[in-house]
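Residue numbers (the working numbering): 231 to 337.
Okay, here's the thing in structure tokens:
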């Protein structure tokens with residue numbers, strides 16, 4: 231983001247969505263403040279070209295999906311990022327996937 235205000239706006243969006251839709255057994259953070267603290271201090275902010283990795287931007291992207299399918303996407307906005315879905319990858323990871331271009335090949 232260009233400003234701290236933009237960064238905070240994304241963090242607040244994640245925490246608002248999480249607290250609203252991820253409740254009961256889907257609860258990910260004990261409070262709005264707990265969510266903010268985690269996102270501000272425990273993981274990198276990230277960027278959209280790394281939106282599949284363990285960062286704030288990954289979780290921000292998933293806030294669009296949480297209201298649609300909370301049971302699937304609430305874990306993605308959590309501290310763990312949904313387990314294996316949100317992990318840091320090396321650049322060669324993408325090129326060592328056998329199906330990396332499978333969808334492009336079908337077109």
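Backbone N, C-alpha and C fix where the C-beta goes; we use that ideal spot for every residue, glycine too.
Going by DSSP, residue 288 is part of the alpha helix (DSSP H) stretching over 286-292.
In the structure shown, residue 273 falls within a coil segment according to DSSP collapsed to helix, strand and coil. Per DSSP, the unbroken alpha helix (DSSP H) holding residue 251 starts and ends at 234-251.
DSSP places residue 301 inside the alpha helix (DSSP H), whose first and last residues are 300-303. Cα atoms of residue 281 and residue 261: separation of roughly 24 Å, rounded to the nearest angstrom. Looking at the backbone, the Cα of residue 286 and that of residue 306 are separated by about 11 Å. Taking the CA atoms as reference points, residue 299 sits about 14 Å from residue 312.
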